[in-house]
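In what follows, a structure is listed as structure tokens, so that the remarks can point back to it.
Residue numbers (my numbering), protein chains in the order written: chain L, 120 to 309; chain Z, 6 to 346.
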């Protein structure tokens, strides 16, 4: 059953349908929140809060793209985290970044794995250095691979704004990573 | 040929959004312009690296609320108002508000209404800290107040148990009769107040079975709903009660009329199914029909311990319009005033 079908069932009180929506989208939302906020604890809070708000607002949701809507809720929850400013202290016993879904290719040697980790660290830091508006655009598009239309729904901005914001965000990101060209060599040329 | 660089087209090109003609021009330009070719390679490498970041699984279990969305919305709104009261307290109520927040958090954590059908098992228990009612986005700017919990029909009969002598009834013209009762009109700070609250006699055609309303404990001086004016059996107004009421806005703006003033809830009552079973005399088979998870017309609310003696508080039971049991356009509302002494 597609998301819209599950949403319709959930709207009529089917809790299992809502649970299925949670299962489908929680990892994507968590990944987005983690790339936006940088802290696993904050990202967990955002996902929890997103589904709480989504559940409460089920009766009022009409005709929206559930994916774009969920990401919009999550972005708002993320804004609240950023606005609060006071971050929950990390508990070393709860230090869990989440299970990596896309594990490194086991055929890679240790050097390649280490280089991949370093590359990921540099990219994460470059993302977190972007202004929030730009960071959101590039994360939604290049991390979560939302369509322009879904991003427009999530950010509540026109399509043209999505494209221009994404273009500027990507240009800033490329500029920030240019100094690490050894880590980001492309295979072949254009 | 390379008189104009193409950086502005990189994003659209990366997303393959250029039309075929524009794409051919783009590629042709790159063949002739080393600067753009290098910039394009760097650009692609950067975005490829972003896309190569691994997806990460949510490491914790998402906890969902146990009640139907309408009920959870009411609770979230209540918690939001409580938090607002805590963060921006009226001077007299600052201490009481602080106590109420902790109290309400406990109450909301353990209050498990039966929900719309009573048949769905809870997926998990909501963490009170996760509720964020005053920031619920999307849709109407104001959520409904705490909404009642429909249950399976129980034996008819509007009368409260004999011990609940302090009683108020709503106007019965809507078809149902909302009854709110306590054992006394005077309680001490910190006291637990047993409450009987129930909407009975709703015609089946009105979409109703009997309904147990959620009851809130509010400060006097704010009225939460327009519509039916409650007909409480008035408790004696305490001397100084007006002084206990929230002060008018400091900015000199006129106060909103009663229909727009937000209440200042101190707590919400919890159900006590066991107590109902024990005190169900006169209700016939009602006790048998109320199993452990079903809401009971017997509720309990605790008066915050820091409320000054002499304060008058208001117990409010409301069935919102168009909710189960209330087909009309106005809320069914009844209230009781109780004195803290």
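Cβ atoms here follow ideal geometry from the backbone N, Cα and C, with glycine treated the same way.
With residue i as the anchor, note down where its beta strand (DSSP E) starts and where it stops.
i             : result
residue 320/Z : 317 to 324
residue 173/Z : 171 to 174
residue 199/Z : 197 to 205
residue 343/Z : 337 to 345
residue 221/Z : 220 to 224
residue 306/Z : 303 to 307
Should residue i be flagged as near chain Z, meaning a C-beta pair shorter than 9 Å?
i             : result
residue 190/L : no
residue 286/L : yes
residue 120/L : no
residue 296/L : yes
residue 233/L : no
residue 137/L : yes
residue 265/L : no
residue 128/L : no
residue 273/L : no
residue 170/L : yes
residue 134/L : yes
residue 238/L : yes
residue 123/L : no
residue 187/L : no
Thinking just about the alpha-carbon of each residue, which of the options is nearest to the one in residue i?
i             : options                       : result
residue 201/L : 255/L, 236/L, 131/L and 278/L : 255/L
residue 280/L : 253/L, 152/L and 163/L        : 253/L
residue 188/L : 298/L, 270/L and 285/L        : 270/L
residue 17/Z  : 267/L, 277/L and 299/L        : 267/L
residue 261/L : 135/L, 146/L, 151/L and 140/L : 151/L
residue 9/Z   : 22/Z, 25/Z, 19/Z and 30/Z     : 30/Z
residue 304/Z : 25/Z, 23/Z and 186/Z          : 186/Z
residue 264/L : 52/Z, 69/Z, 198/Z and 188/Z   : 52/Z
residue 196/Z : 59/Z, 344/Z, 204/Z and 69/Z   : 344/Z
residue 65/Z  : 145/L, 186/L, 184/L and 283/L : 145/L
residue 334/Z : 324/Z, 166/Z, 165/Z and 14/Z  : 324/Z
residue 153/L : 196/L, 237/L and 275/L        : 196/L
residue 184/L : 250/L, 294/L, 127/L and 133/L : 127/L
residue 168/L : 233/L, 192/L, 234/L and 275/L : 192/L
residue 194/Z : 217/Z, 220/Z, 205/Z and 317/Z : 317/Z
residue 287/L : 250/L, 178/L, 233/L and 180/L : 250/L
residue 200/Z : 223/Z, 272/Z and 302/Z        : 302/Z
residue 283/L : 159/L, 294/L, 141/L and 257/L : 257/L
Is there a C-beta anywhere in chain A that falls below 9 Å from the one on residue i?
i            : result
residue 61/Z : Protein chains L and Z are contained in the structure displayed, whereas chain A is not.
Taking C-beta pairs closer than 9 Å, name the residues in chain Z that residue i reaches, listed in chain order.
i             : result
residue 146/L : 60, 61, 62 and 63
residue 200/L : Those within 9 Å of residue 200/L in chain Z number zero; the least Cβ separation is about 11 Å.
Determine the extent of the alpha helix (DSSP H) in which residue i is found, giving its start and end residues.
i             : result
residue 184/Z : No alpha helix (DSSP H) holds residue 184/Z; the beta strand (DSSP E) holding it covers 182 to 187.
residue 280/L : 278 to 296
residue 3/Z   : With chain Z running from 6 to 346 in the structure shown, residue 3/Z is simply not present.
residue 29/Z  : 25 to 37
residue 185/L : 185 to 203
residue 262/L : Per DSSP, residue 262/L belongs to no alpha helix (DSSP H) and is neither H nor E.
residue 69/Z  : From DSSP, residue 69/Z is part of no alpha helix (DSSP H); its letter is neither H nor E.
residue 167/Z : Looking at the DSSP string, residue 167/Z is not in any alpha helix (DSSP H), and its letter there is neither H nor E.
residue 151/L : 134 to 156
residue 393/L : Residue 393/L falls outside the range modelled here, since chain L spans only 120 to 309, and no answer is possible.
residue 333/Z : Counting along the chain, residue 333/Z falls outside any alpha helix (DSSP H), and DSSP gives it neither H nor E.
residue 190/Z : From DSSP, residue 190/Z is part of no alpha helix (DSSP H); its letter is neither H nor E.
residue 129/L : 122 to 130
Would you mind telling me which residues of chain L sit closer than 8 Å to residue i, beta carbon to beta carbon, in chain order?
i             : result
residue 12/Z  : 290
residue 23/Z  : In chain order: nothing, as chain L lies at least about 12 Å away.
residue 48/Z  : 289, 290 and 293
residue 55/Z  : 242, 246, 257, 261, 262 and 292
residue 186/Z : Result: empty, since nearest Cβ-Cβ is about 31 Å, beyond 8 Å.
Identify the contact partners of residue i in chain Z, using a Cβ-Cβ distance below 7 Å as the criterion.
i             : result
residue 153/L : 61
residue 166/L : 63 and 67
Please confirm whether residue i has its beta-carbon closer than 9 Å to some beta-carbon of chain L.
i             : result
residue 231/Z : Confidence is the limiting factor: at residue 231/Z the pLDDT is only 33, short of 50, which leaves the residue's position unreliable, though a coordinate-based value still follows. Taking Cβ atoms only, chain L never reaches closer than 9 Å to residue 231/Z, which makes this a no.
residue 15/Z  : yes
residue 19/Z  : yes
residue 51/Z  : yes
residue 333/Z : no
residue 44/Z  : yes
residue 341/Z : no
residue 141/Z : Residue placement at residue 141/Z is flagged as unreliable, the pLDDT there being 23, under the threshold of 50; the coordinate-derived value follows with that caveat. Residue 141/Z counts as touching chain L.
residue 144/Z : In this prediction, residue 144/Z scores a pLDDT of 22, lower than 50, which makes its location untrustworthy; the coordinate-derived value is nonetheless stated afterwards. Yes, residue 144/Z lies at the interface with chain L (some Cβ there is under 9 Å from its Cβ).
Under 9 Å, do residue i and residue j count as touching if we go by C-beta distance?
i             : j             : result
residue 242/L : residue 156/L : no
residue 175/Z : residue 339/Z : yes
residue 198/Z : residue 319/Z : no
residue 122/L : residue 186/L : yes
Since residue i meets chain Z, which of its residues come closer than 8 Å, beta carbon to beta carbon?
i             : result
residue 141/L : 67 and 69
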